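Here the structure is laid out as structure tokens; the discussion comes afterwards.
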Amino acid sequence: MQLYKNVFGMEFSHKSALMLAFLAVFPNVLGMIVLDTGLGFKFHLFQILIFLAAMMYGKWGGALSGAFGSVYTAIALGNPYIIIGNIMLGFFTGIFAKRAHIALAVLGAFAIQAPWLYYTDLLAGMPEPAVRGVIVALLFSNIAWAFVAGKAYKRLKKLIQ
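Numbers 1 to 161, taken from the UniProt record's numbering, label the letters of the sequence shown in order.
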């Protein structure tokens, strides 16, 4: 199996490079799907891939997934700040996941991202009650996907080795 180095300073096989590309692009597809919970907020799906990228490839993999995986949503909502917010989510999840359980890493990253979301969503013209709803929805989605990512991580690592 041929290995090569990239900007992350890690050894990558072709399988690993393809996995990172998938984790960076496919959040756009999941970003098109938002589930209504019937509890007053919607459940987002895209974060699981950002969390997996952060766990597998560290802070830069998480940032890459957050950046490229947010393009569709940013364009659809006319809010380019979404990209920076998801870069923050992936980057800080990658940093914290090295030292803490993925759920704590995600909560820490979200605590950094949330003020950015709040102010930039207002700047983008969203009404304040809607912004609060988005933050609550993302909090619950992040927690759920953090646990799923924690369970899926080892299986995905085996796939690319």
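Glycine is no exception: its CB is placed at the ideal position from the N, C-alpha and C atoms. Since the structure is predicted, the reported quantities are computational estimates derived from the model, not experimental observations.
Per DSSP, reduced to three states, the secondary structure at leucine 45 is coil, with no helix or strand assignment. For leucine 89, the enclosing alpha helix (DSSP H) covers residues 81–97. Secondary-structure assignment with DSSP links valine 34 through a beta bridge to His44. In the DSSP assignment, alanine 130 falls within the unbroken alpha helix (DSSP H) covering 128–160. Look at glycine 78 here: in three-state DSSP terms it is coil, with no helix or strand label.
With a beta-carbon spacing of about 6 Å, leucine 23 and leucine 52 fall inside the 8 Å limit used to define contacts. The beta carbon of alanine 105 lies closer than 6 Å to those of Thr93, Phe96 and Ala97 in the same chain, with the five residues before and after it left out. Counted as a single uninterrupted DSSP element, the stretch harbouring phenylalanine 26 is not any alpha helix (DSSP H), since DSSP gives it neither H nor E. Around tyrosine 118, the same chain offers Val131 and Ile135 as residues with beta carbons nearer than 7 Å, after the five sequence neighbours per side are excluded. The alpha-carbon of isoleucine 82 is positioned some 21 Å away from that of methionine 55.
When secondary structure is reduced to three states using DSSP, leucine 39 falls in the coil class, being assigned neither helix nor strand. In summary, threonine 73 is buried, with 16 or more beta-carbon neighbours lying within 10 Å of its beta-carbon over all protein chains present. Here isoleucine 160 is not near lysine 42, since their CB atoms are 7 Å or more apart.
With at least 16 other beta carbons inside 10 angstroms of its own, alanine 146 counts as buried.
The Cβ atoms of alanine 124 and asparagine 79 lie closer than 7 Å to each other. With a 10 Å radius around the Cβ and a threshold of 16 neighbouring Cβ atoms, lysine 59 comes out buried.
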